[in-house]
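Q: Numbering (the working numbering), first residue to last: 60 to 275. Yeah, the Cβ is synthetic: ideal placement off N, Cα and C, and Gly gets one too. Because the structure is a prediction, the values reported are computed rather than measured.
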Amino acid sequence: MTVAHHPTEATLAAFAAGTLDEGRMLVVAAHLAACPDCRKTVRLLEATGGVMLDDLSPADLAADGLARAMAQIDRSDAAPVAPRRAEVIPGLLPAHQALLAPYDMGPWRWVGPGVSWRQVDAPTLPGGRVFLLKAAAGTALPDHTHTGTELTCVLTGAFRHEHGRYGPGDVDEADDDVDHTPVVEAGSECICLVAMQGRLKLNGLLGKVLQPFVRL
């Protein structure tokens with residue numbers, strides 16, 4: 060597996076320092092499960108005490124959140140871990156199955172043609188949420204931006220937009236300055252783990268029509 064898109068240095072540093080909320084910690088951990096280079100970076104940051112994060116305020120985090128995320132990655136290298144509710148999401152790496160296993164998840168809910176989502180009950184900041192987003196092969200999502208921030212890790216499948224191709228393990232960070240139109244590659248559905256603050260904001264005339272029906 061080749062990972063091409065990584066979290067920013069600031070995001071990795073915040074992960075190592077434990078200043079991310081658990082929702083974003085989970086998304087970064089999903090990337091680390093697929094990216095040995097970023098795992099080394101995080102280990103180095105942890106070993107040296109992290110970095111100065113004067114422009115970041117500490118967020119509430121489960122006391123064992125960081126340790127649990129890294130432990131799940133380490134254990135997944137040894138053997139597949141079955142989710143505690145015996146649910147297996149097809150196509151996911153054993154490490155990703157292990158990371159999601161401790162969390163309750165809601166049912167898949169329809170968003171639009173070929174697109175559905177399910178909530179992941181991971182603690183996050185006020186106004187935030189964590190969820191899996193699934194889109195069928197060949198699906199084009201509407202052009203959109205965000206009223207806050209979005210941190211996405213691809214778990215299976217791949218999509219493309221104006222900034223490149225994103226496959227398993229790749230991370231896409233977006234905010235209200237980013238407009239994009241993701242298109243899922245043909246041949247396989249795409250499932251992503253997303254931590255979002257704020258709301259999805261659809262652009263254009265079609266976006267205005269669809270916005271009331273898109274509850275993301």
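Determine the DSSP secondary structure at Val-147, reduced to helix, strand or coil.
A: Locating residue 147 in the sequence shown gives position 88, where the first residue counts as 1. It is coil, neither helix nor strand.
Q: Smallest Cα separation from Glu-81: which of Thr-61, Glu-248, Glu-209 and Leu-184?
A: Stepping through the sequence shown from its first residue, residue 81 is reached at position 22. Nearest of Thr-61, Glu-248, Glu-209 and Leu-184 to Glu-81, Cα basis: Leu-184.
Q: Taking DSSP's pairing of strands, which residues face Gly-187 in a bridge?
A: Translated into the one-based positions of the sequence shown, residue 187 becomes position 128. Answer by DSSP bridge pairing, in chain order: Gln-256.
Q: Would you grab the beta carbon distance between Lys-193 and Glu-248 for me? Rounded to a whole angstrom, and I think it's under 8 Å.
A: Along the sequence shown, read from residue 1 onward, the residue named residue 193 stands at position 134. Along the sequence shown, read from residue 1 onward, the residue named residue 248 stands at position 189. Lys-193 to Glu-248, Cβ: 6 Å. Contact.
Q: Between which two residues does the alpha helix (DSSP H) holding Thr-70 run?
A: Residue 70 sits at position 11 when you count from the first residue of the sequence shown. First-last of the alpha helix (DSSP H) with Thr-70: 68 to 76.
Q: Report yes if the CB atom of Pro-220 is closer than 8 Å to the CB atom of Thr-198, and no otherwise.
A: Stepping through the sequence shown from its first residue, residue 220 is reached at position 161. Stepping through the sequence shown from its first residue, residue 198 is reached at position 139. Here residue 220 is His; the residue named in the question, Pro, does not match the sequence. No, these two residues do not count as a Cβ contact at 8 Å.
Q: Measuring alpha carbon to alpha carbon, tell me which residue in Leu-151, Pro-227, Leu-103 and Trp-169 is nearest Ala-75.
A: Position 16 of the sequence shown holds residue 75. Here the closest residue by C-alpha is Leu-103.
Q: By the three-class DSSP mapping on this structure, what secondary structure does Thr-211 have?
A: As a working mapping, residue 211 is identified with position 152 in the sequence shown. It is a strand residue.
Q: What do you reckon, are the CB atoms on Leu-252 and Ala-89 nearer than 8 Å?
A: As a working mapping, residue 252 is identified with position 193 in the sequence shown. As a working mapping, residue 89 is identified with position 30 in the sequence shown. Yes.
Q: Shortest alpha-carbon distance to Val-62 belongs to which of Arg-224, Ala-106, Gly-171 and Ile-250?
A: In the sequence shown, the residue the question calls residue 62 occupies position 3. Val-62 has its Cα closest to that of Arg-224, out of Arg-224, Ala-106, Gly-171 and Ile-250.
Q: With a threshold of 16 other CB atoms inside 10 Å of the CB of Ala-245, please say whether the residue is buried or exposed.
A: The residue given as residue 245 occupies position 186 in the sequence shown. Ala-245 should be labelled exposed.
Q: From Gln-178, Ala-157 and Ala-160, pick the residue whose C-alpha is nearest to that of Phe-190; which is it?
A: Taking the first residue of the sequence shown as 1, we reach residue 190 at position 131. Of the candidates Gln-178, Ala-157 and Ala-160, the one whose C-alpha sits nearest the C-alpha of Phe-190 is Gln-178.
Q: Taking a contact to mean a Cβ-Cβ separation below 8 Å, would you say Gly-207 touches Gly-257 in this structure?
A: Looking up residue 207 in the sequence shown gives position 148. Looking up residue 257 in the sequence shown gives position 198. For Gly-207 and Gly-257, yes; Cβs fall inside 8 Å.
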